[in-house]
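Written below as structure tokens is the structure these notes are about.
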């Protein structure tokens, strides 16, 4: 897959400044989303742009505006529409599609992951209403995201697999095993991708005892653990989020996304 194509010109070409990734994101969002857009879109279309900002600086600010320091706010659900539009557009390089799918996973699992971290206390900065709206917003986009599986590169498929087990259905869960067979053959246990894929498949089996056993085994060996009294699903999603982040870091290396 060619991930180096030049961005198309946005319909609104009055604003042509800012780092290249901002220009590309703006073009895609202008093509895919009707007005009115969520408030976070101002970061793409506002005429006041810091000319010294690079791609990484812009991305950090843009993503944080949507999912602020891994917490949900009232406007988060609307901003997730921007991420979903970026995730399904071929003009967006694979590494960025992986990242936005990962952020959709994070937004959908904020409540459970933070519950696992804080148990038995109430998670600080919790906003149950905003978290529920964010989860519902992600759920609405999952079918469109998963229909892209066959067209996606292996890296983005890994992120989609994590999202699939957050919202299990009778259709998606049985499909995961054959879809992930290539990863199982190529990445043995004890590797970041191999362990991630096998954990996804355990979650897809929806066996709480098996999930708990593997969650404790993996966290004892590699990852930040959670309190054993916390709900099993919350602990598992907390672990899966860590694993997805590490897989993403490895895949961000040159040529890894191809």
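In our numbering, the protein residues as written are 6 to 263.
Beta carbons: idealized from backbone N, C-alpha and C, even for Gly.
Since the model is a prediction, treat every value here as computed from it, not as a measurement.
Check: Taking one C-beta from the stretch 171-185 and one from the stretch 118-133 each time, how about it: are there three or more such pairs within less than 8 Å?; Outcome: no
Check: Going by DSSP in three states, residue 130 sits in which element: helix, strand or coil?; Outcome: coil
Check: Which whole-angstrom value is the C-beta distance of residue 207 and residue 219, which I expect to be below 8 Å?; Outcome: 5 Å
Check: Could you check how far apart the C-beta atoms of residue 46 and residue 142 are, in whole angstroms? I think they sit under 8 Å.; Outcome: That belief does not hold up - the Cβ atoms of residue 46 and residue 142 are roughly 15 Å apart, past 8 Å.
Check: What does a CB cutoff of less than 7 Å around residue 112 pick up in its chain, not counting 5 residues either side in sequence?; Outcome: 72, 77, 81, 85, 139, 143
Check: What's the C-alpha gap between residue 157 and residue 194?; Outcome: 24 Å
Check: Going by CA-CA distance only, name the one from 68, 79, 63 that's closest to residue 89.; Outcome: 68
Check: In chain order, what residues of the same chain lie with their CB nearer than 7 Å to the CB of residue 136, ignoring the 5 residues before and after it?; Outcome: 77, 115, 116
Check: Can you tell me whether residue 213 is buried or exposed? The criterion is at least 16 other CB atoms within 10 Å of its CB, across all chains shown.; Outcome: exposed
Check: Give me the residue from 133, 166, 126 with the minimum Cα distance to residue 110.; Outcome: 166
Check: Would you tell me roughly how many angstroms separate the C-alpha atoms of residue 29 and residue 96, rounded to the nearest one?; Outcome: 8 Å
Check: Within this structure, are the beta carbons of residue 223 and residue 198 separated by less than 8 Å?; Outcome: no
Check: Sort out for me which residues DSSP pairs residue 73 with in a bridge.; Outcome: 76
Check: Where do the N-terminal and C-terminal ends of the alpha helix (DSSP H) with residue 89 fall, by residue?; Outcome: 81-92
Check: Are the beta-carbon atoms of residue 103 and residue 242 separated by less than 8 Å?; Outcome: no
Check: Excluding five sequence neighbours on each side, which residues of the same chain lie with their C-beta closer than 7 Å to the C-beta of residue 12?; Outcome: Note on residue 12: pLDDT 39, under 50, position unreliable in the model; no value is reported.
Check: So which of 250, 70, 50, 169 has the shortest CA-CA distance to residue 145?; Outcome: 169
Check: Between 152, 182, 149, 244, which has its C-alpha nearest residue 216's C-alpha?; Outcome: 244
Check: Give the list of continuous alpha helix (DSSP H) stretches no shorter than 4 residues that lie fully inside the stretch 29-71.; Outcome: 47-50, 60-71
Check: Can you tell me which of 91, 131, 52, 185 puts its alpha carbon nearest to the alpha carbon of residue 309?; Outcome: Since the first and last residues shown for the chain are 6 and 263, residue 309 lies out of range.
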